[in-house]
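Novice: Questions regarding the structure given below will be posed in turn.
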Amino acid sequence: MLKKGFRRREGDHHYYDYFNTQGKKTAVFTKTSHSHTEISASGISLVAKQCKLSRQTFDMLVDCPLSQQEYETLLILGGHVSPVTPVE
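For the sequence shown, the working numbering begins at 9 and goes up steadily by one.
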């Protein structure tokens, strides 16, 4: 997740906030418990939903076939984040 634009934030859980390709924080985030070393199948589905992805697409994000740019495009197309404006 950290290689795909998420940054870790500590709290009562592990929070991961998504930052776009220009480094701006978005409203997309997920969290996991401190107490679990492995996440259950239902937990993975919940994380996928929080990341605005289907379970199958989330697996692609985690397993690396889906790049950060491709993920961000899906978020934009889904209306979850604003398009990145080109830097001049």
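Idealized CB from N, CA, C, for every residue including glycine. Note that the structure is a prediction, hence the values are computed from the model and not measured.
#1: Within a Cβ cutoff of 6 Å, which residues of the same chain sit near T38, ignoring the five residues on either side of it in sequence?
#2: State yes or no: is the C-beta of T34 within less than 8 Å of the C-beta of V92?
#3: Could you pull out every unbroken alpha helix (DSSP H) segment of at least 4 residues lying fully inside the stretch 38-93, listed in chain order?
#4: In this structure, what does DSSP give as the bridge partners for K33?
#5: Could you tell me which of H22, L69, Q64, S48 sits nearest to G13, measuring between CA atoms?
#6: Please name the residue, chosen from H21, R16, G31, that lies closest to V89 on a Cα-to-Cα basis.
Specialist: In this structure, then:
#1: Taken in chain order, the residues that qualify are Y24, V55, Q58, C59.
#2: no
#3: 49-58, 63-71, 76-85
#4: F27
#5: L69
#6: G31
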